[in-house]
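I have placed the structure first, in the form of structure tokens, so that the comments after it can refer back to it.
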């Protein structure tokens, strides 16, 4: 399985390197407000767009993980508190003194 993971990343890196080599000299003009024009190389522009989509998703994912860890820690504390509570020594079951369903002399 590790071999397949390494192979996948090598192929992906090779594709990215090939794209940069063949399109590195391509320039893309982006017309902004007030007549401003931003001139980017195509690989740099694609990297910036990829990061612009990836970073908010990573922040949301990390926030979700933090919230789940906090919830899990709270549940573990509550479970530890419940396990620490011992019933009083002399008390019987909660139904003590009540007739059982099978008793005929009620």
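In our numbering, the protein residues as written are 36 to 141. Where is the CB? At the ideal position from N, CA and C, for every residue including glycine. These figures come from a predicted structure and were not determined experimentally.
- In the pairwise beta carbon analysis, the segment 36-48 is classified as not touching the segment 66-73: fewer than three pairs are separated by under 8 Å.
- Contact between residue 77 and residue 58 holds: their C-beta atoms lie close to 5 Å from each other, under 8 Å.
- According to the DSSP assignment, residue 63 belongs to no alpha helix (DSSP H) but to the beta strand (DSSP E) extending over 62-66.
- Under the DSSP assignment, residue 55 falls in the alpha helix (DSSP H) whose first and last residues are 37-58.
- For residue 84, the uninterrupted alpha helix (DSSP H) segment begins and ends at 77-119.
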